[in-house]
Amino acid sequence: MIRVGVVGASGYTGGELLRLLLGHPQVEIVSATSERSAGKFLYQLHPHLRGRTTLRFVSQTALEACDVLLLALPHGEAQQHIETYANLAGRIIDLSADFRLRDAAEYERTYGSPHAAPDWIERFTYGLPETNREALAHSHYVSGVGCNATATTLAVWALAQAGLLPASQPLISDVKVGSSEAGRQPGDSSHHPARSGVARPFQMVGHRHEAEVRQSLAPCGEYDARIAVTSVEMVRGVAAAVHVTLPVGLSERDLWSAYRTAWTSQSFVRIVHESGGSFRHPEPRLLAGTNYADVGWEYDPFTGRAVLMCALDNLGKGAAGTAVQCLNIMYGFEETTGLEYGGIYP
Amino acid sequence: MSQNLCPECAAVVVLPADVMQNELLPCPDCGTELEIISLNPVTLERAPEVEEDWGE
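Line by line, the protein sequences give chains A and V.
Going by our numbering, the first sequence opens with residue 451, and the numbers climb by one from there.
Going by our numbering, the second sequence opens with residue 123, and the numbers climb by one from there.
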């Protein structure tokens, strides 16, 4: 049994971490921090946890030493106090963007300010097991993943690995997202009368996750990844459709072969590419609460035009689920431990 | 039981021992409806789909 603390546990990602870790047979949660809600029971902010724990939030000043700290803080905070956290736990998984990018200059270009702990960057391993599992098994410090970056990377990974995705083209990732991506703090744009029912272009160019995708795909080529995000009527969910051009004349069998090579041995990526039916392509609604990423494609063999798709839960595979998957890999647990939930339908 | 490949996606399709000619079954991967058009040797083809008749 490993002793785990969750720092910044009051947000939606923190809540998802708590839900998953409470069901993990190898984990005991010893601390969950929230500065504003210290003293409250966890269920008072995360009502779905009622009856599952008697833990209360504590301030970071009361954080106990433990085996692993999972940091679910707003971007920019983990890097300010990383030495403090490292003195409390031998292993850290930071779900923010602070330690995802391998290069401090790239971090500054992407996030607009110098990194506060550049010496720590190289100690962290990027936490997407499907592209980086080997390195994670030997890491003590692991970064989280960006949800939109993960959906885009997984959408194109199989064909990039197979050499079927020429790098001499921009990868245009049209991403539809749910409201929980905006976090727990309400604002004018998330107020229900303003948010409900929208198909709102949120950020069409220059999304911060583009650098993360470029970094993930670097072993396959120097890709120009572009992400355009639209907020739609979902709470949880990301649906990425990456518009690309492939060689003409590929067969369905060629594409199936590439996808099977990439994904058959992966527990949490499923190929969804059916010839008919309502759910023949990846659909995020089915994935709420799960750690699955579903991938698929549509391809025109005469022109080479293709759309490569991925759906996932932004709080699950796009954040907390992948973090728990990384924890399992770091400790040599079965990778699916605590992540077996398969979703609900309808 | 015997194994054959889906003609559309090359998935392994496991056929029951008592399979019959012209029997229909879906591919487990791509969901394509397949028809067993012969038993010796076992041959699978994409089953013909019902065409819409728009009255023309």
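Think of the CB as a built atom: it goes at the ideal place given N, C-alpha and C, for glycine as much as any other residue.
For this session: Thinking Gly-473 of chain A and Gly-768 of chain A are a contact (beta carbons under 8 Å), I'd like their distance in whole angstroms, please.
Result: Contact between Gly-473 of chain A and Gly-768 of chain A is ruled out by a C-beta separation of about 19 Å, above the 8 Å threshold.
Exercise. When you check each C-beta in the region 699-710 of chain A against every C-beta of chain V, which residues fall closer than 8 Å?
Worked result: Listed by position, the residues of the region 699-710 of chain A near chain V (Cβ gap below 8 Å) are Glu-702, Arg-703, Trp-706 and Ser-707.
Exercise. Would you call the region 662-673 of chain A and the region 629-640 of chain A touching, i.e. three or more CB-CB distances under 8 Å?
Worked result: Under the three-pair Cβ rule at 8 Å, the region 662-673 of chain A does not count as touching the region 629-640 of chain A.
For this session: For Glu-157 of chain V, decide whether its Cβ has a neighbour in chain A, counting only Cβ atoms nearer than 9 Å.
Result: Interface annotation, Glu-157 of chain V: not in contact with chain A, CB-CB separation never under 9 Å.
For this session: Quick one: list the residues of chain A neighbouring Thr-165 of chain V, beta-carbon separation under 7 Å, in chain order.
Result: Residues of chain A passing the Cβ test: none, with the nearest at roughly 17 Å.
Exercise. So, Ser-484 of chain A versus Ala-459 of chain A, is the Cβ gap smaller than 9 Å?
Worked result: Yes.
Exercise. Are there 16 or more other CB atoms within 10 angstroms of the CB of Val-134 of chain V, so buried, or fewer, so exposed?
Worked result: A residue is called buried once 16 or more other Cβ atoms fall within 10 Å of its Cβ, and Val-134 of chain V, having fewer, is exposed.
Problem set entry | Nearest residue (CA-CA) to Ser-623 of chain A, options A:Gly-656, A:Gly-633, A:Leu-505 and A:Ala-522 | The shortest Cα separation from Ser-623 of chain A among A:Gly-656, A:Gly-633, A:Leu-505 and A:Ala-522 belongs to A:Gly-656.
Problem set entry | Beta-ladder partner(s) of Asp-624 of chain A, from DSSP | Per DSSP, the beta bridge partners of Asp-624 of chain A are A:Ala-678 and A:Ala-691.
Exercise. Terminal residues of the continuous alpha helix (DSSP H) containing Glu-790 of chain A?
Worked result: Here Glu-790 of chain A belongs to no alpha helix (DSSP H), and DSSP marks it neither H nor E.
For this session: Could you tell me which residues DSSP pairs with Met-684 of chain A in its beta bridges?
Result: Met-684 of chain A pairs with nothing; no bridge assigned.
Exercise. Looking only at its own chain, which residues have a Cβ that is under 8 Å from the Cβ of Glu-572 of chain A, when we skip the five neighbours before and after it?
Worked result: Within its own chain, the residues whose Cβ lies closer than 8 Å to the Cβ of Glu-572 of chain A, once the five positions on either side in sequence are excluded, are Arg-552, listed in chain order.
Exercise. Does the separation of the CB atoms of Asp-763 of chain A and Thr-740 of chain A fall below 9 Å?
Worked result: Closer than 9 Å, so yes.
Exercise. Going along chain V, which residues have a C-beta under 7 Å from Glu-724 of chain A?
Worked result: Residues of chain V passing the Cβ test: Cys-152 and Gly-153.
Exercise. Using a Cβ-Cβ distance under 9 Å, would Ala-133 of chain V count as near chain A?
Worked result: Chain A contact via Cβ: present.
Exercise. Quick one: is Gly-727 of chain A near chain V, going by C-beta distance under 9 Å?
Worked result: Yes, because at least one Cβ of chain V sits closer than 9 Å to the Cβ of Gly-727 of chain A.
Exercise. Comparing alpha-carbon positions, which option in A:Val-595, A:Leu-538 and A:Tyr-493 lies nearest Val-454 of chain A?
Worked result: It is A:Leu-538.
Exercise. Looking only at C-alpha atoms, which of A:Val-606, A:Thr-695, A:Gly-699 and A:Tyr-462 sits nearest to Leu-667 of chain A?
Worked result: The residue with the shortest Cα to Cα distance from Leu-667 of chain A is A:Val-606.
Exercise. Cβ-heavy atom distance between Glu-171 of chain V and the ligand MN below 8 Å?
Worked result: Absence of the ligand MN is noted for the structure shown, with no ligands found whatsoever.
Exercise. What residues are listed by DSSP as bridge partners for Arg-755 of chain A?
Worked result: Answer by DSSP bridge pairing, in chain order: A:Thr-695.
Problem set entry | Three-state secondary structure (DSSP) of Glu-724 of chain A | Of the three classes helix, strand and coil, the one that applies to Glu-724 of chain A here is coil, per DSSP.
Exercise. Does Glu-145 of chain V come within less than 9 Å of chain A when only Cβ atoms are used?
Worked result: No, Glu-145 of chain V does not count as interfacial toward chain A.
Exercise. Beta-carbon separation of Ile-543 of chain A and Leu-520 of chain A under 9 Å?
Worked result: Contact: yes.
For this session: Check Gly-746 of chain A in the structure and name its three-state DSSP category.
Result: Gly-746 of chain A: strand per DSSP, three-state reduction.
Exercise. Is the Cβ-Cβ distance between Arg-735 of chain A and Val-722 of chain A less than 9 Å?
Worked result: No, these two residues do not count as a Cβ contact at 9 Å.
Exercise. By a C-beta neighbour count over all protein chains shown, 10 Å radius and 16 as the cutoff for buried, is Asp-750 of chain A buried or exposed?
Worked result: Asp-750 of chain A sits exposed, since fewer than 16 C-beta atoms from the chains shown fall within 10 Å of its C-beta.
For this session: Kindly list the residues whose CB is nearer than 8 Å to the CB of Phe-652 of chain A, restricted to its own chain and excluding five residues on each side of it in sequence; keep chain order.
Result: Hits under 8 Å: Val-627, Val-679, Thr-680 and Ser-681.
For this session: Using a Cβ cut-off of 9 Å (strictly closer), state whether Arg-664 of chain A contacts chain V.
Result: The beta-carbon of Arg-664 of chain A is placed no less than 9 Å from the nearest beta-carbon of chain V.
Exercise. Do the region 485-505 of chain A and the region 572-583 of chain A touch if we need at least three Cβ pairs shorter than 8 Å?
Worked result: Contact between the region 485-505 of chain A and the region 572-583 of chain A is absent, with fewer than three C-beta pairs closer than 8 Å.
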